[in-house]
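I have placed the structure first, in the form of structure tokens, so that the comments after it can refer back to it.
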Amino acid sequence: MLKRLDKIRFRGHKRDEFLDLAESPNASDTECGDEIPVKIPRTSLRENDELRDPAGPGTINMASGVQDFNRTESDRLNEIKGHLEIALLEKHFLQEELRKLREETNAETLKQELEKERQRRLELEQKVNEILKTRTEELPTTQQPSKPPTQVNGTDKRSQMMCSRVQKWFYDKFGEYVEDFRFQPEENTVETEEPLSARRLTENMRRLKRGAKPVTNFVKNLSALSDWYSVYTSAIAFIIYMNAVWHGWAIPMFLFLAILRLSLNYLIARGWRIQWSIVPEVSEPIEPPKEDLTVSEKFQLVLDVAQKAQNLFGKMADILEKIKNLFMWVQPEITQKLYIVLWAAFIASCFFPYRIIGLAMGLYAGIKFFLIDFIFKRCPRLRAKYDTPYIIWTNLPTDPQLKERSNATVSRRVQTASSRSYVGLGAPTGVNKDEDSSRFHTTKRGNFHEVFNLSENERPLAVCENGWRCCLINRDKKMPTDYIRNGVLYVTENYLCFESSKSGSSKRNKVIKLTEITDIQKYKVLSVLPGSGMGISVSTPSTQKPLVFGAMVHRDEAFETIFNQYMKITSAASNSES
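In this text, residue positions in the sequence shown follow the numbering used here: the first is 1075, and each later residue adds one.
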């Protein structure tokens, strides 16, 4: 009897009954979902007969206990399988992160390049030494005077001696300068890049901050003069500047200010304590550098530096793109104003003397800097109507904004074409326009706004009326039922909505506000999933690790829609704030 029980206990299920993630078809909708079909084995009559003991009917209770034990074993195996799937995905994520880190800090290639540079330097040193040796050997032969083939008298000898002395004196005095003018091939030296180091990174950031401090202080003082932070200082500066411009002393005044500043810097370097600033300086606490950093601290430091560099490069790119679009006639009405101003300046420079032009430009700059800008900063509506340079700069588009406009025009054309075709078909009688349009924005469980607890105005965009099938991978969760969810993804004007396909409460649905998204990127999970494993990773402040919407067949279309709507919302928010 015990042998039979052991045989039943450790018999288990066949491997064919468990669907493996790597062997599943690509087109299945529940591949990444949490609805994994569980097959509970049924005991046959023959097995029930084997479980019965000949001693009597009391052994039937024991057989039912064995069946319950088999059911609990199947549940445990399903739970273990879910954890294995989680471990497989986490392993893939970690391998991707490790690959990126190796590409960024490839020490082996740096060592090989360093060895090559060393060999090149040794070869160049050998060539230089050989050239110097040949020159030193040639110099004594050239300095020795050639012996005349025939006998000469005393005067010829004296003249030859004088010529040799003059040549020797000339070479001693000017030979070094003559050697400097010798043409030599340019040496291509390649600077070796330093490996990534957290200590070096923090040091460079502090150096950059200290180096940019004088420039930032100068800009702050200029803005304080324009804002009349100190009334007396701004009034004195305005009177001195306008008087200097009127008498033609603007350039000497700026040169004198530069000399004065250098003199003050000399006294400060000698130990004098001289601090002159319109805006009071705020002393920031200096953090002592940490000697040993953990891996998490180093990673967080790299992320902070990357975020600052990303924002800085983004601002610089916006400025350069606006300047490029200004000169490339992207906005013809804006570039036309610049074109007219340049023609007017050219004609004025041809007919008027430079003194009058300089006086007019200096007076305009002073009045604009001290008076007009002060009024415009205090009155934003007046600035938005009459400040021409500000209006031109704010209306200049960047390349992402141009791309967004082109996509918006295409989507509008598609919507107008679809609306015309729908109106041509005709709507049924007794149904108004709002009710007819709301029929297209319902999900499997009911109305869209009721499923996600949103307002009635929030409806899916025309591109994703039926949504995109995908699986939500939440890496912050550790349970299989919460780690992977199968469902449909929608995009509205203000939200990113994920509807779980598992029946139950709406708590399993996910709603993300577009303005709360900090980063969105294309991502590849596993190639065995539908859509070749293509997905989208979305980062929010409420999640430690980014949410991944994987197994998307139409990944590129979804990414473009989400990104364009995100840019539209953020640009509208920034314009409203300004």
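We treat Cβ as the ideally placed atom computed from N, Cα and C, and that holds for glycine.
| Nearest-angstrom Cα distance between leucine 1386 and threonine 1290? | 15 Å
| According to DSSP, which residues form a beta bridge with cysteine 1545? | Asn1560, Gly1624
| field | Which of helix, strand or coil DSSP assigns to leucine 1338 | value | helix
| Can you tell which of Ala1309, Gly1322, Asn1568, Glu1191 has the C-alpha that lies nearest to the C-alpha of isoleucine 1431? | Ranking the options by Cα distance to isoleucine 1431, first place goes to Gly1322.
| message | DSSP three-state label for alanine 1646, please. | response | In the three-state scheme derived from DSSP, where H, G and I count as helix and E and B as strand, alanine 1646 is classed as helix.
| Do you know how far the Cα of glutamine 1381 is from the Cα of valine 1565? | 27 Å
| Collapsed DSSP secondary structure at tyrosine 1303 in the structure displayed | coil
| request: Would you kindly report the start and end of the unbroken beta strand (DSSP E) that includes valine 1612? | output: 1608–1613
| query | Hey, would you say leucine 1476 sits closer than 8 Å to leucine 1400, going by beta carbons? | reply | no
| message | Measuring straight from C-alpha to C-alpha, what distance separates lysine 1442 and serine 1304? | response | Straight through space, the alpha carbons of serine 1304 and lysine 1442 are spaced by roughly 18 Å.
| request: Helix, strand or coil for serine 1574, going by three-state DSSP, please let me know. | output: DSSP places serine 1574 in strand when its eight states are reduced to three.
| Can you tell me the Cα-Cα spacing of lysine 1700 and leucine 1296, whole angstroms? | No statement about residue 1700 is possible, as the shown extent of the chain runs from 1075 to 1652 and does not include it.
| field | Through-space distance from alanine 1439 to glutamine 1639, alpha-carbon basis | value | 41 Å
| Residue nearest to isoleucine 1446 in terms of C-alpha spacing, selected from Ile1586, Lys1584, Leu1282, Leu1299 | Leu1299
| query | How do the segment 1230–1237 and the segment 1144–1154 stand: do at least 3 beta-carbon pairs fall below 8 Å, yes or no? | reply | no
| query | Hey, serine 1308 and phenylalanine 1444 are a contact pair by Cβ (cut 8 Å); roughly how many whole angstroms apart? | reply | 7 Å
| request: Go ahead and label valine 1252 buried or exposed: buried means 16 or more other beta carbons lie within 10 angstroms of its beta carbon, across all protein chains shown. | output: exposed
| request: Give a yes or no on contact between the segment 1333–1340 and the segment 1272–1285, applying the rule of three or more CB pairs nearer than 8 Å. | output: no
| query | What is the C-beta distance between alanine 1318 and alanine 1324, in whole angstroms, given that I count them as a contact (C-beta under 8 Å)? | reply | 5 Å
| task | Give me the Cα-Cα distance between leucine 1563 and aspartate 1593, rounded to the nearest whole angstrom. | result | 18 Å
| message | Measuring straight from C-alpha to C-alpha, what distance separates cysteine 1544 and phenylalanine 1623? | response | Rounded to whole angstroms, the separation of the alpha carbons of phenylalanine 1623 and cysteine 1544 is 6 Å.
| Helix, strand or coil at glutamine 1381 [DSSP, three-state] | helix
| field | Boundaries of the alpha helix (DSSP H) in which valine 1585 is found, first to last residue | value | Looking at the DSSP string, valine 1585 is not in any alpha helix (DSSP H); the run it does join, the beta strand (DSSP E), is 1584–1587.
| field | Reference aspartate 1392; option with closest CA among Lys1642, Phe1255, Trp1467, Glu1182 | value | Trp1467
| message | Can you list, in chain order, the residues of its chain with a C-beta nearer than 8 Å to that of lysine 1165? Leave out the 5 residues immediately preceding and following it. | response | none
| query | Is the CB of histidine 1523 under 8 Å away from at least one CB in chain C? | reply | Note that chain C does not occur in the displayed structure, where there is just one protein chain.
| task | Would you check if the distance between the CB atom of phenylalanine 1526 and the CB atom of valine 1612 is smaller than 8 Å? | result | no
| Residues of its chain near lysine 1587, where Cβ-Cβ distance is below 7 Å and the 5 sequence neighbours each way are ignored | Taken in chain order, the residues that qualify are Asn1568, Tyr1569.
| task | Identify every residue that forms a DSSP beta bridge with aspartate 1246. | result | BP columns for aspartate 1246 are empty, so no partner.
| request: Helix, strand or coil for aspartate 1254, going by three-state DSSP, please let me know. | output: DSSP places aspartate 1254 within a helical segment (H, G or I) once states are collapsed to three.
| field | Bounding residues of the alpha helix (DSSP H) (the contiguous stretch that carries lysine 1596) | value | No alpha helix (DSSP H) contains lysine 1596, which is instead part of the beta strand (DSSP E) from 1593–1598.
| field | Option nearest phenylalanine 1633 by Cα separation, candidates Leu1158, Met1608, Ile1342, Thr1617 | value | Comparing Cα-Cα distances from phenylalanine 1633 to each of Leu1158, Met1608, Ile1342, Thr1617, the minimum goes to Met1608.
| task | Output the distance between the C-alpha atoms of isoleucine 1465 and glutamate 1407, rounded to the nearest integer angstrom. | result | 12 Å
| query | Helix or strand or just coil, what does DSSP make of valine 1404? | reply | Looking at valine 1404 - three-state DSSP - the assignment turns out to be coil, as it is neither helix nor strand.
| request: Take the Cβ of glycine 1388 as the centre, count every other Cβ of all protein chains shown within 10 Å, and call the residue buried at 16 or more, exposed below. | output: exposed
| message | Taking the straight line between their C-alpha atoms, what separation do you get for tyrosine 1245 and leucine 1188? | response | Going by the C-alpha atoms only, they are around 41 Å apart.
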